[in-house]
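**Student:** Mind looking over this structure? Questions follow.
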Amino acid sequence: MQKEAAIREPLILGHKSYHDVTEDVCRPIEDKAPRMWYILFGIALIIALYGIGCIVYLLGTGIGVWGLNKTIGWAWDITNFVWWVGIGHAGTLISAVLLLFRQKWRMAINRSAEAMTIFAVFMAGLFPLIHMGRLWVGYWVLPLPNQFGSLWVNFNSPLLWDVFAISTYLSVSLVFWYIGLIPDFATIRDRAKKPVSKKMYSILSFGWSGRAKHWNRFETVSLVLAGLATPLVFSVHSIVSFDFATSIVPGWHTTIFPPYFVAGAVFSGFAMVQTLLLVMRKAMGLEAYIHTKHIEYMNIVIMVTGSIVGTAYITELFISWYSGVEYEAYAFLNRATGPYWWAYWSMMTCNVISPQLMWIRKLRRSLLFTFFISIVVNIGMWFERYVIIVTSIHRDYLPSAWSMHYPSHIDIGVYIGTIGIFFVFFLLFARYFPVLALNEIKTILKGSGQSYKEAPDYHKHH
Amino acid sequence: MAEKVIYVMYDDEEVLKDGAKSLVSKGIKIAEVFSPFPIHGIDPIIGIKNTRLGIMAFLYGLTGLMLATVGMRFFMVTDWPMNIGGKPNFSYLENMLAFVPVTFEFTVLCAAHGMAITYLLANKTLPGMPAQNPDPRTTDDRFVMEIRISDNLNLS
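In order, the protein sequences belong to chains A and B.
Quick note: the first sequence uses numbering that gives the first Met the number 0, first residue 0, plus one each step.
Quick note: the second sequence uses numbering that gives the first Met the number 0, first residue 0, plus one each step.
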């Protein structure tokens with residue numbers, strides 16, 4: 000049993016036993032869903048169906064139904080793609096990087112953050128696929144033997160690197176998440192009373208035993224997967240940034256893109272985790288496990304990564320002038336003062352100023368304020384991608400080709416639709432899956448639980 | 000005839016560990032321990048060796064690295080060299096930098112999935128398998144020690 004300093008706040012409040020932890024996590028799954036769940040699920044489903052309708056219309060008609068034109072060939076689609084991939088960075092960062100750093104507070108949030116990651120990366124993957132227009136030839140991005148030569152895919156292209164990066168990230172995150180879920184499914188299986196749920200959780204839990212040898216393997220697999228996923232997290236968003244950084248478009252052609260994108264991704268991912276968890280902990284009665292301290296830790300991450308992002312914005316601005324390249328200088332002047340100034344200044348306000356408020360202890364421990372800022376950051380990070388993508392290409396080298404981008408209702412419908420699909424997945428997860436990592440919470444109960452920390456013999460040696 | 004076993008149920012992992020230590024010091028062999036979460040420090044007491052899955056992951060990763068290198072050399076240099084932005088298409092080594100991202104991703108892909116599949120097979124946990132634990136409470140808050148009579152026939 001590991002001990003920790005007495006001045007550290009306990010991670011599990013109240014006087015919980017191992018059985019209480021099981022009860023608290025399994026109750027929402029075993030009870031009937033509250034009315035609110037059905038209302039939210041209904042709303043999400045309607046939005047999702049509308050989005051699917053827009054996608055089907057788009058596939059049937061062609062991508063001309065988007066607001067793209069000859070100058071602006073990439074707009075909302077790639078903005079949404081990068082936005083969703085960015086959101087998908089928090090989960091694996093929490094479960095992999097924080098596991099390597101032995102941060103115990105991750106155990107309360109890693110399960111739901113990873114679920115969020117997986118669903119967000121699903122949504123991200125949708126955009127390049129539908130942007131192909133002819134979805135049915137999507138398999139052409141894989142190096143499969145074919146009858147055109149064989150003509151192979153271009154391994155020099157960052158777009159192809161992206162295919163490999165996103166699919167590796169998605170499948171490895173999925174495996175990492177599921178391996179952690181198996182023992183928890185077994186807990187639900189062993190408690191289930193109804194034959195249908197018994198059967199379902201029995202299939203999902205793979206017949207997990209809880210043998211000492213299996214736990215030994217489990218811990219090694221978790222550690223090695225964390226070690227593999229850590230460089231993966233950083234590589235994925237770096238590769239996404241290569242899509243832009245390796246081009247010669249002013250405003251995209253920057254070497255600071257990889258670290259800047261990774262910091263931005265973690266920033267937006269944690270904001271989304273806050274948005275979801277603040278509602279979830281309340282709705283499912285998990286306040287004892289995800290409490291103010293957890294929220295504060297996440298706000299500190301938001302503050303640090305937000306500061307990195309702010310520094311990157313200002314560096315970019317300075318270098319555009321300092322480089323002496325007039326095209327670069329104009330691209331940034333145009334961002335701040337051109338026709339898209341409103342997008343630039345919303346990005347600056349949401350992403351540079353708002354995280355700095357987290358220096359104030361009172362604000363970063365306020366749940367209402369955190370929820371508000373998490374929404375602001377999500378909006379700001381969408382604008383960041385919009386600013387980088389649309390304002391850089393709407394005015395480039397040739398003034399006769401300058402243009403503006405106006406989204407069509409299909410652009411908006413597909414975007415809103417992915418938010419709906421995402422929430423359909425997340426609500427189903429919250430209803431049928433253990434939202435806290437049961438087995439991991441139990442390992443820290445004696446070291447970080449309130450009743451154990453306050454016990455008189457906690458600091459005596461055994 | 001089914002083998003005779005003794006199950007000892009505990010409600011605290013520290014007590015189980017102390018119990019296991021004193022049993023082992025008396026020469027009794029403990030066959031298995033079932034618990035709802037990993038008990039740290041139980042493995043050396045009941046004589047469980049550390050898993051070699053980490054080595055397997057390394058070997059799977061090495062396989063992925065090799066496959067990616069061989070594959071990309073074949074696609075981009077041997078089979079159909081193309082002039083893409085004037086990049087060297089006649090030599091793998093000179094164009095290697097462009098192949099680093101895919102090589103890395105494929106290495107991670109093979110290592111992670113290889114290890115995960117090996118893990119599931121080694122545990123004999125696959126979809127639809129029957130539950131292997133002796134009592135449903137061992138996934139909640141109980142810790143069970145299994146002692147087989149046949150392992151301890153030398154004791155009276």
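From the three backbone atoms N, C-alpha and C, an ideal C-beta is built for every residue, glycine too.
These numbers come from a predicted model, not from an experiment.
Quick one: grab the DSSP three-state call for Phe432 of chain A.
**Tutor:** If DSSP states are grouped into helix, strand and coil, Phe432 of chain A belongs with coil.
**Student:** Could you tell me the distance, in whole angstroms, from the CA atom of Gly63 of chain B to the CA atom of Phe103 of chain B?
**Tutor:** So the two alpha carbons sit approximately 9 angstroms from each other.
**Student:** Around the C-beta of Arg360 of chain A, are 16 or more other C-beta atoms found within 10 angstroms, so that it is buried, or is it exposed?
**Tutor:** Counting Cβ neighbours within 10 Å, Arg360 of chain A comes out exposed, since fewer than 16 surround it.
**Student:** Can you tell me whether Val140 of chain A is helix, strand or coil according to DSSP?
**Tutor:** Looking at Val140 of chain A - three-state DSSP - the assignment turns out to be helix.
**Student:** Quick one: list the residues of chain C neighbouring Asp42 of chain B, beta-carbon separation under 7 angstroms, in chain order.
**Tutor:** Of the protein chains in this structure, namely A and B, none is chain C.
**Student:** Residues of the region 47-80 of chain A in Cβ contact with chain B at a cutoff of 9 angstroms, in chain order, please.
**Tutor:** Cβ contacts with chain B come from no residue of the region 47-80 of chain A.
**Student:** Would you say Tyr385 of chain A faces chain B, with C-beta separation under 8 angstroms as the test?
**Tutor:** By this cut-off, Tyr385 of chain A is not an interface position.
**Student:** Could you tell me which chain B residues have their CB closer than 9 angstroms to the CB of Asp189 of chain A, listed as they occur along the chain?
**Tutor:** Residues of chain B passing the Cβ test: Ala130, Asn132, Asp134, Pro135, Arg136, Thr137, Thr138 and Asp139.
**Student:** Check the C-beta distance from Ile108 of chain A over to Ile93 of chain A and give it rounded, since I have them as a contact under 8 angstroms.
**Tutor:** About 6 angstroms; that satisfies the 8 angstroms criterion.
**Student:** For Asn124 of chain A, tell me which candidate among A:Ser149, A:Leu44, A:Asn438 and A:Ile420 has the shortest Cα-Cα distance.
**Tutor:** A small fix is needed here, since residue 124 of chain A is Gly in this sequence, not Asn. Gly124 of chain A has its Cα closest to that of A:Ile420, out of A:Ser149, A:Leu44, A:Asn438 and A:Ile420.
**Student:** Taking 8 angstroms as the CB-CB cut-off, is Asn49 of chain B touching chain A?
**Tutor:** For Asn49 of chain B, the answer is yes, since a Cβ of chain A falls inside 8 angstroms of its Cβ.
**Student:** In the DSSP output, what is Phe33 of chain B paired with across the bridge?
**Tutor:** Partner(s): A:Arg210 and B:Val143.
**Student:** On the CB-based measure, 16 or more other CB atoms within 10 Å of its CB, does Ser208 of chain A come out buried or exposed?
**Tutor:** Burial call: buried.
**Student:** Using the Cα positions of Leu362 of chain A and His290 of chain A, report the straight-line distance between them to the nearest angstrom.
**Tutor:** So the two alpha carbons sit approximately 15 angstroms from each other.
**Student:** Check this for me: beta carbons of Tyr288 of chain A and Ile28 of chain A, under 8 angstroms apart or not?
**Tutor:** No. Outside cutoff.
**Student:** Suppose contacts are defined by Cβ-Cβ distances below 8 angstroms. Is Leu10 of chain A in contact with Lys103 of chain A by that definition?
**Tutor:** Yes.
**Student:** Any C-beta of chain A within less than 8 angstroms: which residues of the region 98-120 of chain B qualify?
**Tutor:** Answer set for the region 98-120 of chain B: Phe98, Pro100, Val101, Phe103, Glu104, Phe105, Val107, Leu108, Ala110, Ala111, His112, Met114, Ala115, Tyr118 and Leu119.
**Student:** Excluding sequence positions up to five away, which residues of its chain have a Cβ less than 6 angstroms from the Cβ of Ile27 of chain B?
**Tutor:** Contacts found: Asn151.
**Student:** Could you spell out the range, first to last residue, of the alpha helix (DSSP H) harbouring Tyr168 of chain A?
**Tutor:** Its alpha helix (DSSP H) spans residues Pro157 to Arg190.
**Student:** Would you check if the distance between the CB atom of Val23 of chain B and the CB atom of Ile41 of chain B is smaller than 8 angstroms?
**Tutor:** Going by C-beta atoms, Val23 of chain B is not nearer than 8 angstroms to Ile41 of chain B.
**Student:** Can you give the Cα-Cα distance for Val220 of chain A and Tyr339 of chain A, rounded to whole angstroms?
**Tutor:** Spanning the two alpha carbons is a distance of roughly 48 angstroms.
**Student:** Going by C-alpha to C-alpha distance, which of A:Ile387, A:Ser204 and A:Trp344 sits closest to Phe260 of chain A?
**Tutor:** The candidate whose alpha carbon is nearest that of Phe260 of chain A is A:Ile387.
**Student:** Based on the DSSP secondary-structure assignment, which residues constitute the bridge partners of Ile5 of chain B?
**Tutor:** Answer by DSSP bridge pairing, in chain order: B:Ile146.
**Student:** Give a yes or no on whether the C-beta atoms belonging to Ala56 of chain B and Ala121 of chain B are separated by under 8 angstroms.
**Tutor:** Taking 8 angstroms as the Cβ cut-off, Ala56 of chain B and Ala121 of chain B do not qualify as a contacting pair.
**Student:** Just checking, does the region 245-257 of chain A make contact with the region 315-333 of chain A on the three C-beta pairs under 8 angstroms criterion?
**Tutor:** As far as the Cβ criterion goes, the region 245-257 of chain A touches the region 315-333 of chain A, which means the pair count is three or higher.
**Student:** Whose C-beta lies closer than 7 angstroms to the C-beta of Gly469 of chain A among residues of the same chain, with five residues either side of it excluded?
**Tutor:** A question about residue 469 of chain A goes unanswered here, because the residues of chain A that appear run from 0 up to 461.
**Student:** Against Pro126 of chain B, what residues of chain A qualify as contacts under a CB-to-CB distance less than 7 angstroms, listed in chain order?
**Tutor:** Per Cβ cutoff of 7 angstroms: Ile202 and Phe205.
**Student:** If you follow the alpha helix (DSSP H) that Leu366 of chain A is in, where does it begin and where does it stop?
**Tutor:** Leu366 of chain A -> alpha helix (DSSP H) spans Leu366 to Tyr385.
**Student:** Short of 6 angstroms in beta carbon distance, which residues of its chain neighbour Ser34 of chain B, apart from the five on each side in sequence? Order them along the chain.
**Tutor:** Same-chain partners within the cutoff: Phe142.
**Student:** Using only alpha-carbon positions, find the residue among A:Asp410, A:Trp75 and A:Tyr200 that is nearest to Glu383 of chain A.
**Tutor:** For Glu383 of chain A, the nearest C-alpha among the options comes from A:Trp75.
**Student:** Can you pull the chain A neighbours of Asn161 of chain B, defined as C-beta to C-beta under 7 angstroms?
**Tutor:** Limits of chain B in this structure are 0 at one end and 155 at the other, which puts residue 161 of chain B out of reach.
**Student:** Taking C-beta to C-beta, are Asn49 of chain B and Asn215 of chain A nearer than 8 angstroms?
**Tutor:** Yes, the Cβ-Cβ distance between Asn49 of chain B and Asn215 of chain A is below 8 angstroms.
**Student:** Restricting to runs no shorter than 4 residues, where is the alpha helix (DSSP H) found entirely within the region 275-330 of chain A?
**Tutor:** You should have 291-321.
**Student:** Among A:Tyr200, A:Phe241, A:Ile255 and A:Trp341, which has the Cα closest to the Cα of Val162 of chain A?
**Tutor:** Looking at the Cα atoms, A:Phe241 is the closest of the given residues.
**Student:** Whose C-beta lies closer than 6 angstroms to the C-beta of Ala262 of chain A among residues of the same chain, with five residues either side of it excluded?
**Tutor:** Excluding residues within five positions, the ones whose Cβ falls inside 6 angstroms are Thr304, Ile307 and Val308.
**Student:** Are Phe425 of chain A and Leu275 of chain A closer than 8 angstroms when you measure CB to CB?
**Tutor:** For Phe425 of chain A and Leu275 of chain A, yes; Cβs fall inside 8 angstroms.
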